[in-house]
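Let me begin by presenting the structure, written as structure tokens, before commenting on it.
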Amino acid sequence: MDQNFKPSFNPAPGMIGFIVAAVILGIILIKSVVVIPAGYVGIMDLFGKVSEKALPAGMHFINPLKKVTRMSIQTREIKETAEVPSKEGLIVSLDLSLLFSLDPAAAPDVYRRIGINYIRVVVEPQLRSVVRGVTSGFEAKALYTAERENISSTMHEQLRPILEERGIIVERILLRSVTLPPILASAIEKKLEEEQRAEQMKFILDRERAEAQRKQIEAKGIADFQAIVARGISANLLKWKGIEATQKLAESQNTKVIIVGNSKDGLPVILGGMDK
């Protein structure tokens, strides 16, 4: 056997074409399959033309020339710390959180008009603007007391329509903490204590006033009852009751009595008696 012999493989031109076609087809298939994870939608872009509908979560077969950008529709949180003015013009440090999400139906329009950085471009600036506007209408004491929930609701009501028309759903605004200047915080605490004492004193006075009214009504009822009883008891009635009692004593088998008249209009008098 010739040691210089080397086997050669010369594929037919048709085989080469088949391999090339298979590789190209495989690439096309790979590019055509898109998987959108849960909590996201896919935005399709073909040479700058954005599709009107977003792809929901799941596997999709699309035009391989289309670019797909995934956008989250899950609830997201922005934490903001801001120095905001109160109604008195005082500067208050405020920590808050905004809970929001992207409207799936509006996602293509948000991508087209704003882009994927819509949080930095739209959400954060609008949040800061609304927060400053709302706090300037409340006194610093309101930010420090239970009225804080009312402030949070006002912020939500003002921010919601602004962002909803941009395709962003506002879920909640939470005021985490409020920091006032130390002197102001001390003054507010003292004022709140005084108001609490005043409310307590008012409660005590109202209770005593109600008790006095109750006693007055009770006394009037007793007086009315006594007047009714006094009108119903006459001298003749008392005499008749005395006669009835005397008659019962006289009829008793265990008692022997001697009855002598007392006076013209008086009741009989029992002088004595003994057991058998």
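So that you can map any letter, position 29 of the sequence shown is 129 in the working numbering, and since no number is skipped, the others follow by simple counting.
Glycine residues also receive a C-beta, built at the ideal position from the N, C-alpha and C atoms.
Quantities reported herein were computed from a predicted structural model and do not represent experimental measurements.
query                                                                                                                   : result
Span of the alpha helix (DSSP H) around serine 186                                                                      : Taken as a continuous stretch (DSSP letters only), serine 186 belongs to no alpha helix (DSSP H), as it is neither H nor E.
For glycine 233, the first and last residue of its enclosing alpha helix (DSSP H)                                       : 224-235
Nearest-angstrom Cα separation, counted from glutamate 344 out to leucine 371                                           : For leucine 371, the pLDDT reaches just 48, beneath the cut-off of 50, and the residue's location in the model is therefore unreliable, leaving the point undetermined.
Reduced DSSP category for glycine 142 - H, G, I as helix; E, B as strand; rest coil                                     : strand
Own chain, CB closer than 8 Å to asparagine 278, minus 5 neighbours either side, in chain order                         : First, the amino acid is wrong: residue 278 is valine here, not asparagine. The answer, listed in chain order, is Val192, Ser193, Leu194, Asp195, Leu243, Tyr244 and Arg248.
Spatial distance of glutamine 326 from alanine 319 (CA atoms)                                                           : 11 Å
Other residues of its chain near arginine 297: CB distance less than 7 Å, five sequence neighbours each side excluded   : none
Backbone secondary structure at glutamate 257 - three-state DSSP                                                        : helix
Outcome for valine 141 when other beta-carbon atoms lying within 10 angstroms are tallied against a minimum of 16       : buried
Contacting residues, own chain, Cβ-Cβ under 7 Å from serine 201 (five flanking each side not counted)                   : Ile173, Gln174, Thr175, Arg176, Ile269 and Glu271
Of the listed residues His256, Gln226, Arg307 and Lys149, nearest to tyrosine 211 (C-alpha basis)                       : Lys149
From Leu275, Gly267 and Gln300, residue whose alpha carbon lies closest to that of aspartate 203                        : Gly267
Identity of the residues DSSP links to aspartate 413 by a beta bridge                                                   : Given that the chain is displayed from residue 101 to residue 376, the structure contains no residue 413 and the question cannot be resolved.
Counted within 10 angstroms of its Cβ, other Cβ atoms place isoleucine 304 as buried (16 or more) or exposed            : exposed
Nearest to arginine 220 (by Cα), restricted to the options Leu263, Lys153 and Ala323                                    : Leu263
Where proline 137 falls, given that 16 or more other Cβ within 10 Å makes a residue buried                              : exposed
Buried or exposed by the 16-neighbour rule on C-beta atoms within 10 Å, applied to serine 197                           : exposed
Environment of proline 208 [buried if 16+ CB atoms lie within 10 Å]                                                     : buried
Nearest residue (CA-CA) to glycine 139, options Leu146, Asp145, Leu155 and Ser151                                       : Leu155
Rounded separation between phenylalanine 161 and leucine 199 - CA only                                                  : 33 Å
Buried versus exposed call for serine 186 [16 or more other C-beta atoms within 10 Å across all chains shown]           : buried
As assigned by DSSP and simplified to three states, the class of leucine 165                                            : coil
Nearest residue (CA-CA) to lysine 167, options Leu259, Thr235, Val134 and Asp145                                        : Asp145
Closest residue to glycine 237 among Lys348, Val184, Pro164 and Leu274 (Cα-Cα distance)                                 : Val184
Other residues of its chain near methionine 255: CB distance less than 7 Å, five sequence neighbours each side excluded : Val230, Val231, Val234 and Ile273
Buried or exposed by the 16-neighbour rule on C-beta atoms within 10 Å, applied to isoleucine 322                       : exposed
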